[in-house]
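>
So, in structure tokens, the structure goes:
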């Protein structure tokens, strides 16, 4: 049914750099924030191996729920639910897909990323950051905690050597890059933390296009607030 | 090394009870899907709704919010039952994913990014995926047993990872453990569960 993506995905190139196990666990369990989840889910679209792992991790969630001690429900909850079954056909939980524009038969950007951006790779509104690097921000998650953006690095360009205040997840969607930790191609996920001082260089056979998520400087505050969130809202 | 142990194949009493329960809930959900059977739905409700409420209370919801979410989830179970495929997951797993997503939506007010299985850009799984050999029901039984047999300190953190709507770093703070310890205990727990699910990995293959 599905054709391989000609020049973006050579035959047999399954990703070789995967999310760490605890990232997949946090995604499957539902504890990962939206920005990080977008990167993981977009990797899953390109990586059958990690999809299978997430399926297993979801089965763990199902088994844990089975083993929970039941909590008594208020009277009338069942009746309310039964009454709602007859309501006109609206789904109380909206389906996730947000914005679809027509794409060709072989889009480069997979879902869910494509819906978050609102178009495929050719129509992204890039703005130049430094010579050889263009970026486009994506609205996703809490901007006080995380920044989500697309990056386009000109083929052969090296980025300035840098470290990160927080963690950075970089998912390659086209082209490739190499740094001290390895060589990254479509579907590969690079995870860097403040201890890594690296200088990525884009492959010279075309632009390298990536999805990148970084923790914002307010991360600690964000985490602390998030810890309180369930209580503040009630 | 390399010789899969077969002890898993003998079912103990808790395994048999578990297996019967999985059969029963899968059957109920299929009756809802195929026949819009209300009686089957009521039985599903009695099984899952109180457990879902428990799950949501542990995630930080108060009783009122937990019951609202339980209602939404159960109505959704009714509406989407047609998309349940017992060859892909147990009923409990399918319902867990709906509840997890609703919890993210209501408690954190964030969206849940997920793949679209019909997306032309999705890279399909290899046709003869190696690990499709075990039936979902057998997987579930093994999983329940492996969870029961986890060391307490690992089981505790695994439950926190699933039940609390928190990052692993927040779990570490709350348990007064270094983040590295939390991550390594979770990794150990998952390694045990994976071993239970995939006898081919007993030999230590990649």
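Protein chains in written order, with the numbering used here: chain B, 1 to 234; chain L, 235 to 440. For every residue, glycine included, the Cβ atom is placed at its ideal position computed from N, Cα and C.
Along the chain, which unbroken stretches of the beta strand (DSSP E) at least 3 residues long are found entirely within the stretch 349-383 of chain L?
none
> Could you name the residues of the same chain whose beta carbon sits closer than 7 Å to that of residue 188 of chain L, not counting the 5 residues immediately before and after it, in chain order?
Missing from the structure shown is residue 188 of chain L; chain L here goes from 235 to 440 and no further.
> Using a Cβ cut-off of 7 Å, pull out every chain B residue sitting near residue 330 of chain L, in sequence order please.
For the purposes of this step, residue 330 of chain L is identified with residue 96 of the second chain, where counting begins at 1. Result: 58, 61, 62 and 65.
> My output table needs one value for residue 254 of chain L: the three-state DSSP class, helix, strand or coil.
The residue you call residue 254 of chain L lines up with position 20 of the second chain. Residue 254 of chain L carries a helical assignment under DSSP once its states are collapsed to helix, strand and coil.
> Is residue 177 of chain B closer than 7 Å to residue 208 of chain B when the C-beta atoms are compared?
Within the first chain, the letter at position 208 stands for residue 208 of chain B. Within the first chain, the letter at position 177 stands for residue 177 of chain B. A contact, by the Cβ cut-off of 7 Å.
> To the nearest angstrom, report how far apart residue 385 of chain L and residue 309 of chain L are at their CA atoms.
Here the question's residue 385 of chain L lines up with position 151 in the second chain. Here the question's residue 309 of chain L lines up with position 75 in the second chain. Near 37 Å, if we compare the C-alpha coordinates of residue 309 of chain L and residue 385 of chain L.
> Assign residue 328 of chain L to one of two classes, buried (16 or more other C-beta atoms within 10 Å of its C-beta) or exposed (fewer than that).
If you number the second chain from 1, residue 328 of chain L lands on position 94. With 16 or more other Cβ atoms within 10 Å, it is buried.
> Using a C-beta to C-beta distance shorter than 7 Å, which residues of chain C count as neighbours of residue 195 of chain B?
The structure shown contains no chain C; its protein chains are B and L.
> Short check: CB of residue 356 of chain L to CB of residue 399 of chain L, under 7 Å?
Numbered from 1 along the second chain, position 122 holds the residue referred to as residue 356 of chain L. Numbered from 1 along the second chain, position 165 holds the residue referred to as residue 399 of chain L. No, the pair does not count as a contact, with Cβ atoms beyond the cut-off.
> Any chance the stretch 106-114 of chain B sits against the stretch 341-350 of chain L, with 3 or more Cβ pairs inside 8 Å?
Remark: three or more beta-carbon pairs, one from each stretch, lie closer than 8 Å, so the stretch 106-114 of chain B and the stretch 341-350 of chain L are flagged as touching.
> For a test of the three-state rule: what should DSSP assign to residue 130 of chain B, helix, strand or coil?
Within the first chain, residue 130 of chain B is the residue found at index 130, counting from 1. DSSP places residue 130 of chain B in strand when its eight states are reduced to three.
> Could you say if the stretch 136-156 of chain B and the stretch 21-38 of chain B meet the contact criterion of at least three C-beta pairs nearer than 8 Å?
yes
> I think residue 159 of chain B touches residue 199 of chain B, with their Cβ atoms under 8 Å apart; what is that distance to the nearest whole Å?
Position 159 of the first chain holds residue 159 of chain B. Position 199 of the first chain holds residue 199 of chain B. Yes, they are in contact, since the Cβ atoms of residue 159 of chain B and residue 199 of chain B sit about 6 Å apart, within 8 Å.
> Any beta-carbon of chain L closer than 7 Å to the one on residue 112 of chain B?
If you number the first chain from 1, residue 112 of chain B lands on position 112. Yes, contact with chain L.
> Mind checking which residues open and close the beta strand (DSSP E) that includes residue 303 of chain L?
Position 69 of the second chain, counted from the start, is the residue given in the question as residue 303 of chain L. Residue 303 of chain L -> not in any beta strand (DSSP E); alpha helix (DSSP H) instead, spanning 297-314.
> For residue 285 of chain L and chain B, any beta-carbon pair shorter than 7 Å?
Translated into positions along the second chain, residue 285 of chain L becomes position 51. At least one chain B Cβ lies under 7 Å of residue 285 of chain L.
> Against chain L, with Cβ distances strictly below 7 Å, would residue 174 of chain B count as a contact?
As a position in the first chain, residue 174 of chain B is number 174, starting the count at 1. No, because no Cβ of chain L sits closer than 7 Å to the Cβ of residue 174 of chain B.
> Roughly how many whole angstroms lie between the Cα atoms of residue 152 of chain B and residue 409 of chain L?
In the first chain, the residue the question calls residue 152 of chain B occupies position 152. In the second chain, the residue the question calls residue 409 of chain L occupies position 175. Their backbone Cα atoms lie some 41 Å apart in a straight line.
> Applying the criterion that 16 or more other CB atoms from any shown protein chain within 10 Å of the CB defines a buried residue, is residue 24 of chain B buried or exposed?
The sequence position of residue 24 of chain B within the first chain is 24, counting from 1. Buried: at least 16 other Cβ atoms inside 10 Å.
> Apart from the five residues on each side of it in sequence, which residues of its chain come closer than 8 Å, Cβ to Cβ, to residue 316 of chain L?
As a first step, residue 316 of chain L is located in the second chain; it is residue number 82 there, counting from the start. Only 267 meet the Cβ criterion.
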